[in-house]
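Using the numbering used here, the first residue of the sequence shown is number 2, and each one after it goes up by one. The C-beta atom is built at its ideal place from N, Cα and C for all residues, glycine as well. Here's the structure, in structure tokens; my notes come after.
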Amino acid sequence: MDIQELIQFSADQLKNPKNHPIDALNKICEHLRENIEHYDWVGFYFHHPEKPKLILKAFAGEPTDHIEIPFGKGICGQVAETDTNFRVDDVNDQDNYIACSIYTKSELVVPLFVDGKNIGQIDIDSHQKNAFSAEDEDLLKKINQLVAEHINLNAINA
Ligand code: SME
């Protein structure tokens, strides 16, 4: 994967005043999914402004029923509470897991911090087992840092 190109594309979307913040996130999801073979579903969940739950705000891939996820539930809900990356090599090994697609075999969730506070996450699903490496974690951390720098949370939560 060309990390530099993926980062540049993401920065361009976030900085483009013609993009609504949610459109920018959708374009980033689509670009990651199209350009990285082992990314089959890519989404951004954000913490609800008042309630302990995640809300899906942008994604690329098959639509999911899991638009809202309570903190603590599934891989995503656990990351909302632990503030740390969660890499799952085989989703069948996880008891606290929410299946979005029968095809998903592995998953990576990386939290998104604004001013040190966990406010959301990027979630990647893959149809391959053991799909993710430290390189993916590094890429997603960098994309989340860009999102944190440019995002207008009021527009996201409106
Ligand atoms: N598998 C996630 C739910 C989100 S879907 O992957 C889109 C989880 O266990 O939290």
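Inset, instruction - Please work out which residues of its chain come closer than 6 Å, Cβ to Cβ, to Asn20, disregarding the five sequence neighbours upstream and downstream, and give them in chain order. - result: Gln14
Legend entry - Contact check, Ala132 vs His39, beta carbons under 8 Å: yes
Legend entry - Simplified DSSP state of Gln14, which is helix, strand or coil: helix
Inset, instruction - Could you name each continuous alpha helix (DSSP H) segment of 4 residues or more that falls completely within the region 117-159, going from the start of the chain to the end? - result: 135-151 and 154-158
Legend entry - Proximity winner among Leu154, Tyr104 and Ser127, relative to Val89 (alpha-carbon distances): Ser127
Legend entry - Pro22 (DSSP reduced to helix, strand or coil): helix
Inset, instruction - Note down the Cα distance separating Ile68 from Asn158, rounded to an integer number of angstroms. - result: 14 Å
Inset, instruction - Please report the Cβ distance between Gly1 and Asp124, rounded to the nearest whole angstrom; I am assuming they are in contact, meaning their Cβ atoms lie under 8 Å. - result: Outside the shown range of the chain, which is 2 to 159, sits residue 1, and nothing can be said about it.
Inset, instruction - Can you say whether Lys52 is buried or exposed, counting buried as having 16 or more other CB atoms within 10 angstroms of its CB? - result: exposed
Legend entry - Residue range of the unbroken alpha helix (DSSP H) whose run includes Val92: Segment: none, Val92 is in no alpha helix (DSSP H) and carries neither H nor E.
Inset, instruction - Please state whether DSSP places Ile56 in a helix, a strand or coil. - result: strand
Legend entry - Own chain partners of Ala61 with C-beta closer than 6 Å, once the 5 adjacent residues on each side are dropped: Cys30, Glu31, Arg34 and Val43
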